[in-house]
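First residue of the sequence shown: 31, per the working numbering; consecutive thereafter.
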Amino acid sequence: MVESRSLLRIQYASYRALSAHYTGHMVNGAIPVSGVDLSSIIEGDIVVVELQSPDYLQFVISTRIERISEHQDALLTFAPEEQAAVTSLHQYISTTAFISALEQEPHNTHPRILAHWQVDTLAPTTESSKVLQSTLPPVSKRSPSLPPAQASLLRADIRCPTVLSFISLLNQFEPEGLLQLTASNLSIHPQNPIKLKWILPGYHIIEMTALISRIEIDFIILILDKSSESFNRLCRYNQSYHARARREREIERGQNNESHTLSYHWEPIPEPQDNLPLSRRIQRLSTEQKINLALSGKRQERMALARDSNRQIHHYVLKNARITLEEIIYIARLPYVNPDVLHKIAEDRQLTRHTAVIKALVGNPRTPVASALRLVGRLSRADLMELSRRTGMPRRLLQSIRAKLKQHQ
Numbered sequence: 031m032v033e034s035r036s037l038l039r040i041q042y043a044s045y046r047a048l049s050a051h052y053t054g055h056m057v058n059g060a061i062p063v064s065g066v067d068l069s070s071i072i073e074g075d076i077v078v079v080e081l082q083s084p085d086y087l088q089f090v091i092s093t094r095i096e097r098i099s100e101h102q103d104a105l106l107t108f109a110p111e112e113q114a115a116v117t118s119l120h121q122y123i124s125t126t127a128f129i130s131a132l133e134q135e136p137h138n139t140h141p142r143i144l145a146h147w148q149v150d151t152l153a154p155t156t157e158s159s160k161v162l163q164s165t166l167p168p169v170s171k172r173s174p175s176l177p178p179a180q181a182s183l184l185r186a187d188i189r190c191p192t193v194l195s196f197i198s199l200l201n202q203f204e205p206e207g208l209l210q211l212t213a214s215n216l217s218i219h220p221q222n223p224i225k226l227k228w229i230l231p232g233y234h235i236i237e238m239t240a241l242i243s244r245i246e247i248d249f250i251i252l253i254l255d256k257s258s259e260s261f262n263r264l265c266r267y268n269q270s271y272h273a274r275a276r277r278e279r280e281i282e283r284g285q286n287n288e289s290h291t292l293s294y295h296w297e298p299i300p301e302p303q304d305n306l307p308l309s310r311r312i313q314r315l316s317t318e319q320k321i322n323l324a325l326s327g328k329r330q331e332r333m334a335l336a337r338d339s340n341r342q343i344h345h346y347v348l349k350n351a352r353i354t355l356e357e358i359i360y361i362a363r364l365p366y367v368n369p370d371v372l373h374k375i376a377e378d379r380q381l382t383r384h385t386a387v388i389k390a391l392v393g394n395p396r397t398p399v400a401s402a403l404r405l406v407g408r409l410s411r412a413d414l415m416e417l418s419r420r421t422g423m424p425r426r427l428l429q430s431i432r433a434k435l436k437q438h439q
């Protein structure tokens with residue numbers, strides 16, 4: 031006897047739908063399915079189920095059809111303890127990020143679940159006698175559309191060595207949000223998610239998730255989310271001051287023939303670390319991940335990275351577009367921050383318009399003395415009096431402060 035193996039894709043349109051489906055059914059080893067054509071399958075068939083979360087993460091569960099009702103509703107069953115993907119799904123639903131997304135979702139959000147059958151897309155198994163003796167088929171029997179590891183996501187690193195090479199791609203995807211990439215022999219299907227990592231000149235890193243629209247022999251076409259912040263950041267990069275300056279230099283040097291490079295690899299979903307303190311989580315990051323977080327992270331993450339032992343990271347914290355004046359003042363006071371960062375703050379006319387920034391820089395022993403001396407004359411007598419009492423100040427700077435105090439008398 032030869033059993034047919036079918037593929038069922040379940041897409042959750044909301045976090046509420048995934049949470050309700052998991053807690054109501056999957057924890058008990060069941061997946062109810064309705065509203066799809068079941069004419070091609072029978073009870074006892076093996077079904078590989080791809081679960082896709084609202085943020086395009088995939089989890090694969092191998093199931094068997096327990097029963098099909100007269101109303102064409104099916105019940106798929108499995109043993110949760112035997113499915114590694116169920117463990118990964120449980121960890122994902124328990125993360126702070128998922129819970130936060132669930133809480134922020136409007137209560138009137140319709141918990142839609144989209145199910146798509148692809149019958150006979152998997153090769154039939156010849157080990158029917160062994161399969162029938164067990165409750166489930168072996169977990170190793172996976173859909174060819176999935177990566178070697180469960181709960182993994184395909185990632186494409188797009189490295190643009192020049193601004194001109196990025197512009198050639200920008201002209202392609204900016205109008206319609208469609209991007210064509212060279213690819214062959216990838217185990218993927220249309221509507222599969224793919225994570226894009228853009229590595230732009232000046233070590234600007236922008237990450238986003240796209241959907242595969244079409245697959246050809248030697249290329250794929252992706253659909254980018256034009257409403258996402260990552261897409262807008264990508265389009266704005268070309269207009270930034272640094273990008274314009276680089277582009278002019280590239281044109282002068284004749285660097286208009288360089289093209290982007292592309293690499294693919296499967297990226298496993300990381301184990302949840304939300305229960306760890308922020309400082310511990312940052313310690314586990316690579317330098318590249320810290321730089322990316324410094325450029326795009328939230329306030330608490332920026333402040334933690336400003337205290338990081340790798341002082342090169344401090345430069346990228348300052349480049350974060352969402353950094354506030356209060357954070358600049360905080361960084362200017364840190365006694366272990368990179369002196370080059372303090373010099374850069376001191377040279378910024380917009381920032382040194384604020385007395386609190388000047389006072390923080392002058393009072394920081396790490397600030398280059400030359401930079402601090404230029405700012406002393408802009409402090410009030412009360413601020414100078416307070417700074418003159420501090421210990422650990424450079425001698426030249428302390429002499430300058432006392433001289434200014436005499437002039438105020």
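Just so you know, even glycine gets a beta-carbon here, dropped at the ideal spot from N, CA and C.
By DSSP, does residue i sit in helix, in strand, or in coil?
i      : result
Lys225 : strand
Val367 : coil
Pro177 : Residue confidence is low: Pro177 scores 39 on pLDDT, short of 50, so the model does not pin down where it sits. No coordinate-derived value is stated.
Gln88  : strand
Phe108 : coil
Glu288 : coil
Ala213 : coil
Ser64  : coil
Ala186 : strand
His384 : coil
Ser339 : coil
Ile312 : helix
Arg94  : strand
Arg420 : coil
Arg263 : helix
Arg396 : coil
Name the two residues that bound the continuous alpha helix (DSSP H) containing residue i.
i      : result
His344 : 342-348
Leu428 : 425-438
Ala324 : 317-326
Ile129 : 126-134
Val57  : No alpha helix (DSSP H) holds Val57; DSSP gives it neither H nor E.
Leu194 : 193-203
Glu278 : 271-283
Within the continuous beta strand (DSSP E) that includes residue i, where are the two ends?
i      : result
Met238 : 234-245
Leu81  : 76-82
Ile251 : 249-253
Can you say whether residue i is buried or exposed, counting buried as having 16 or more other CB atoms within 10 angstroms of its CB?
i      : result
Ala412 : exposed
Phe203 : buried
Val161 : Annotation note: pLDDT 28 at Val161 (below 50); position unreliable, coordinate value reported separately. Answer is buried; the Cβ neighbour count reaches 16.
Gln437 : exposed
Val371 : buried
Who are the Cβ neighbours of residue i in its own chain at under 7 Å, not counting the five residues just before and after it?
i      : result
Ile61  : His55, Val79, Thr93, Leu106
Pro365 : Asn394, Pro395, Arg396
Tyr52  : Leu119, Ile123
Tyr346 : Ile321, Ala324, Leu325
Indicate whether at least one CB of chain D lies closer than 9 Å to the CB of residue i.
i      : result
Gln437 : This model lacks chain D altogether, as it is built from one protein chain only.
Using C-beta distances below 6 Å, list every residue in its chain close to residue i, excluding the 5 sequence neighbours before and after it, in chain order.
i      : result
Glu96  : Leu105, Thr107
Ala390 : Ile359, Ala362, Arg363
Ser243 : Ile251, Ile253
Ala273 : Val193, Tyr267
Ala153 : Reliability of the predicted coordinates at Ala153 is poor, the pLDDT of 40 falling under 50, and the value obtained from them is presented with this limitation in mind. Cβ within range, chain order: n/a, list empty.
Return the chain-ordered list of same chain residues with a C-beta closer than 8 Å to the C-beta of residue i, the five sequence neighbours on each side being excluded.
i      : result
Ser258 : Met238
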